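Protein chains in written order, with the working numbering: chain S, 1 to 457; chain G, 1001 to 1371. C-beta: ideal position from N, C-alpha, C; glycine also. Just so it is clear, the structure is predicted and the values come from calculations on it, not from any experiment. Note sheet for the following structure.
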Amino acid sequence: MVYEELKAIVGEEYVSKEPEELHIYSSDPGTMPATEPDYVVMPKTTEEVQKIVVVANKHKIPIVPMGGALALSGLVRPLKGGIVMDMKRMDSILEVNEKARYAVIEAGVTEGMLKAYLERNYPNLRLSTPDAPPIATVTANALIHGSGRLSQMYGFHSEMVTGMEVVLPTGEICRVGSCSISPYWFSRSPLPDLAGLFIGWFGRTGIVTKLGIKLFPKHRYRDVMIFVTENPSYVSDVIWRVAHTEMAEDITVWAQPRPEWAEGFQHTTIYITADSEEELKFKERIIRNALRDYIKQKEGGFLYLTPGMKATFLQEPMSQLVRFADVRKGGGFEYVGAILPVDLFDKAYRKGLEIVEKLGVDWAFSVRIIGRSHCMMFAYAYPFNRADDEDVEKARKALHETNLAVLEMGGIPWKAEEPAQQLILERMDEGAKILMKRVMDLLDPHGIMNPGNWEVK
Amino acid sequence: MEKINYAEIVHRCFRCGYCKFSSDYSAINCPSYAVYRFETYFSGGRMWLIRAWMNEELEWSEHFGEIMYSCSTCRNCVEHCVFKFNEQLVDVFISARSDMVEKGLVPKKVGEFFNNLAKFGNPWGYSGKRLEWVEKEYEGNEFLLHAGCVAAYDERGKVALKALVELLDAAGVDYGVFSDERCEGNEAMVMGEFGLFEHLMEENKRKFEERRVKRVLTPDPHSFNAFKNYYGVDVKHHTQLLWELVKNGELKLGRVEGKVTYHDPCFLGRWNGVYEEPRKILSRIASLYEMPRNRKNSFCCGGGSGNFYTDYLGGKESPARVRVREAGEVADILVTSCPACLMMFDNAVRDEGVELEVRDISEVMLEAMKS
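Listed below in structure tokens is the structure:
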């Protein structure tokens, strides 16, 4: 019955209840156990999304909207079955407003495609891309509070959203932001910020079908510097100093036990961009100057980068990062993306080492500075061998312990797995929880939207 | 062809999706994913499905088989996968197909393909000698001209083959054909029917030995691939020989009118690295314009790995139809150097109703010779 109705909406070729599709859409590449949907559907238009929502309401069957399925924390696993809605057929770039620097896109537009489109058609514009593979969708990444190459300057990708079109859980189509009253998608202000009803909710409150996203100037020259320290207690100050110069476009920190030369060191990677070589050199000088005390006291120094290394670090997205999944020749990794104040770097770093030493897991830490060091996304990444159940379980345990440690430190696990969402909710202000529940109950009276996530008990 | 131990590889795929794209991420370049859009229909999905089948989490079904055989083995995934096992991706699919074949589990259309190939030596089940119309029977000539199944039977392919024959005659190339030519088996091999491939290879090799074949010339990149990489015979693709003839002045060519664009066949380009010879020829005789997806980023016509017969990649958004639209944006003539691509594009142009000529490189050269 449901299948026939879905078929009538999207056409036979874009709906499936075959075991093969149900299997693939039951999990993402992370450690969370598989949970099968009953149907997979791929709409092409907002109207089709709307009709599917109406069908789901009629049959009281869950819907889980899905982008690239690369959150790794199992957010698009249908915890209570139902329909997984793969949004990637909605892949049109609807508008680029060059002067106002924003794009309006459909929900299935991937990071890779928008990047390539801008490079080809608007070479003076860029978007802030995450380090996720290019099939990640711009919309889903923004909706889960993703961050990327320009987050040090402009904040989380969710803060770059200028408006959205949403299909509400009850089937109405609405627009929020300036596009609700104007043909322009320039801003969410000065109206009540209704976009907040849909950002960070993991699809619990509606399905975003179109998104306005900020674009930024693309400069002609780009370079990378890596400042190395051997003492994690220096890193938050290093970050503070570099951010203070306002010369860096992006600041990340990474630490890992392999290759051998990297072990025991913290690498602060600083990206700079400019419109002339002179400007680039100037920025580089200012940054070097900001860190001169460390160099003088021999507590830190800039790593010599070969052209090959530079090319690797300058690649967007860095394909090197995904290769981490093959460290144990097992095709898996997952991370806790802890949002923390920058001055907790030392504590967070040492806590991470404690966990990996205790559990004997492989690891890599990777940090991105958000805003002018307003906070950081500290990723504790653990690779695992998918073919080895014990290894997967070990990684799962490391993730759980890391989530607990992050919460104890006063941080928030980003795009948390369902069990970690419960850890967050246990600690959440009661009033906030009541408000969350009220919002979900009000918007989604039949509880059809990605149930099982953000479940306020 | 040896089966690889894919059990050691399939779980290493992260399903990151790099393999779906072209190098600059501007387009979905995996033909089956471009058509179906389900996550099952790209290399990552297939790797995970094979693992599930291997671990008995999934039973084989006609749908499973169709997913596996909708891969045209174009090697776009090999080119763009970021992992160290990238070179083995297509081998994994071929080996898994081989296990399916051994267990007697193949989709209906694939079964037909194999049966016809086994009984008649061609995928369509045509009987009779296939190259009787070529007057030169091989008699110890410098080259054995091997047409391959599509050029031998498809009407469009035959026209292109005739153009090649005329060019060879004009240049005084010493060649002959086996009028009773049989399939070299490339498709059987990539479709996992190793037994049939080996049988065809042995039969052909025996004939080559008996009739003292020294060198093989073929217009079919699929045949070229099998001869070069599995038969171990001295083989040239027609673009390679034709370029030599042009370069050495043995073929005098004028110019052809109109803008041309060149489509890299997967078995010539990504499988065997032949990209430049066709371009050298075309830039000498015409105004050559590149499509955005070219060379290692070429978008497969959707005909490889038996799909020209099974048609798992058909429909309004078939790779061939998408490709002729792309070609129409930059040129008036779409040139290729593969009979299967030629057949796929020829049909696609008719279906699309676009103003675009589809021609084999031999046909364009013949026109240039006569101009």
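Rounded straight-line distance, which links the Cα of S:Y117 to that of S:V40:
S:V40 and S:Y117: Cα-Cα distance of roughly 29 Å.
Have a look at the DSSP bridge pairing and note the partners of G:T1261.
The partner list for G:T1261 (beta bridge, DSSP) reads G:L1334.
Just to confirm, are G:K1103 and G:T1310 a CB contact at a threshold of 8 Å?
In this structure, G:T1310 does not lie closer than 8 Å to G:K1103 by Cβ.
In whole angstroms, what is the alpha-carbon distance linking S:V364 and S:K210?
Reading off the sequence shown, one finds Ala at residue 364 of chain S, where the question assumed Val. Their Cα atoms are separated by approximately 35 Å.
Please report the straight-line C-alpha distance between S:G300 and S:R292, rounded to a whole angstrom.
If you take the alpha carbons of S:G300 and S:R292, they lie about 9 Å apart.
Does S:G330 come within less than 8 Å of chain G when only Cβ atoms are used?
Output row for S:G330: interface = yes.
What are the start and end residues of the alpha helix (DSSP H) that includes S:H59?
Start and end: 46 to 59.
For the segment 1006 to 1038 of chain G, enumerate the residues whose C-beta is nearer than 7 Å to any C-beta of chain S, in chain order.
Within the segment 1006 to 1038 of chain G, the qualifying residues are H1011, R1012, C1013, F1014, R1015, C1016, G1017, Y1018, K1020, F1021, D1024, Y1025, S1026, R1037, F1038.
Range of the contiguous alpha helix (DSSP H) that encloses G:G1303
Neither: G:G1303 is in no alpha helix (DSSP H) and is coded neither H nor E.
To be precise: take each residue of the segment 385 to 413 of chain S, compare its Cβ to all Cβ atoms of chain G, and keep it if any distance is under 8 Å. Which residues remain?
Taking 8 Å as the upper bound on Cβ-Cβ separation, chain G lies near residues N385, R386, A387 of the segment 385 to 413 of chain S.
Please state whether the Cβ-Cβ distance between G:Y1033 and G:K1020 is less than 8 Å.
Going by C-beta atoms, G:Y1033 is nearer than 8 Å to G:K1020.
Leaving out five residues before and five after S:G171 in sequence, what residues of the same chain have Cβ atoms less than 6 Å from its Cβ?
Excluding sequence positions up to five before and after S:G171, its CB lies within less than 6 Å of the CB of Q50, V53, V54, all in the same chain and listed in chain order.
How about G:F1064: is its C-beta nearer than 8 Å to some C-beta of chain S?
Output row for G:F1064: interface = yes.
List, in order along the chain, the chain S residues whose C-beta lies closer than 8 Å to that of G:A1052?
In chain order: H23.
Mapping the DSSP letters down to three states, classify G:D1180 as helix, strand or coil.
The three-state secondary structure of G:D1180, taken from DSSP, is coil.
Name the residues in the segment 1081 to 1114 of chain G whose C-beta lies less than 9 Å from a C-beta of chain S; which are they?
Look at the segment 1081 to 1114 of chain G: the residues with a C-beta under 9 Å from a C-beta of chain S are V1082, F1083, K1084, F1085.
For G:E1357, the residue or residues it bridges with in DSSP
For G:E1357, which the question treats as bridged, DSSP gives the partners G:I1333.
For S:I226, does the count of other Cβ atoms within 10 angstroms reach 16, so buried, or fall short, so exposed?
Buried is the label assigned to S:I226, since at least 16 other Cβ atoms lie within 10 Å of its Cβ.
Where does G:N1086 fall in DSSP's three states?
Residue state, collapsed to three classes: helix.
Specify whether the segment 5 to 25 of chain S and the segment 1041 to 1055 of chain G touch according to this definition: at least 3 beta carbon pairs, one from each stretch, less than 8 Å apart.
Yes, since at least three Cβ pairs between the segment 5 to 25 of chain S and the segment 1041 to 1055 of chain G fall closer than 8 Å, the two stretches touch.
Verify the CB distance criterion: does G:I1067 have a CB-CB separation below 8 Å to chain S?
The beta carbon of G:I1067 sits closer than 8 Å to some beta carbon of chain S.
Kindly indicate which three-state DSSP category S:C375 falls into: helix, strand or coil?
Correct three-state label for S:C375: strand.
Quick one: does S:I135 have its CB under 8 Å from some CB of chain G?
S:I135 belongs to the set of residues whose beta carbon lies under 8 Å from a beta carbon in chain G.
Check the C-beta distance from S:R204 over to S:N453 and give it rounded, since I have them as a contact under 8 Å.
Contact holds; Cβ gap of about 6 Å.
Start-to-end residues for the alpha helix (DSSP H) that takes in S:M428:
Judged by DSSP secondary structure, S:M428 falls outside any alpha helix (DSSP H); it is assigned neither H nor E.
S:G330 versus S:R396 - alpha carbon distance
Distance between S:G330 and S:R396, taken at the CA atoms: about 15 Å.
Closest Cα partner of S:E354 within the set S:P29, S:E401, S:G337
Closest by alpha carbon: S:E401.
Tell me S:P383's beta-bridge partners as DSSP assigns them.
In the DSSP output, where bridge partners are listed per residue, S:P383 has S:F333.
Integer-rounded CB distance, given that G:P1107 should sit under 8 Å from G:G1065:
With 8 Å as the limit, G:G1065 and G:P1107 qualify as a contact, their Cβ atoms being about 4 Å apart.
Is the segment 57 to 75 of chain S touching the segment 92 to 103 of chain S in the sense that three or more CB pairs, one from each, lie closer than 8 Å?
No, because fewer than three Cβ pairs between the segment 92 to 103 of chain S and the segment 57 to 75 of chain S fall closer than 8 Å, the two stretches do not touch.
Along the alpha helix (DSSP H) that carries S:M409, what are the first and last residues, could you check?
Segment 389 to 409, the alpha helix (DSSP H) holding S:M409.
Spatial neighbours of G:V1101 within its chain, please: C-beta separation below 7 Å, excluding the five flanking residues on both sides.
Within the same chain, G:V1101 has close Cβ partners G1192, E1193.
With S:E20 as the anchor, note down where its alpha helix (DSSP H) starts and where it stops.
Residue range 19 to 24 is occupied by the alpha helix (DSSP H) that includes S:E20.
Using a Cβ distance threshold of 8 Å, determine whether the segment 299 to 319 of chain S contacts the segment 388 to 395 of chain S, with at least three qualifying pairs required.
Verdict: no, contact absent.
Taking only beta-carbon positions, decide if S:V54 is within less than 8 Å of chain G.
Closer than 8 Å to the CB of S:V54 there is not a single CB belonging to chain G.
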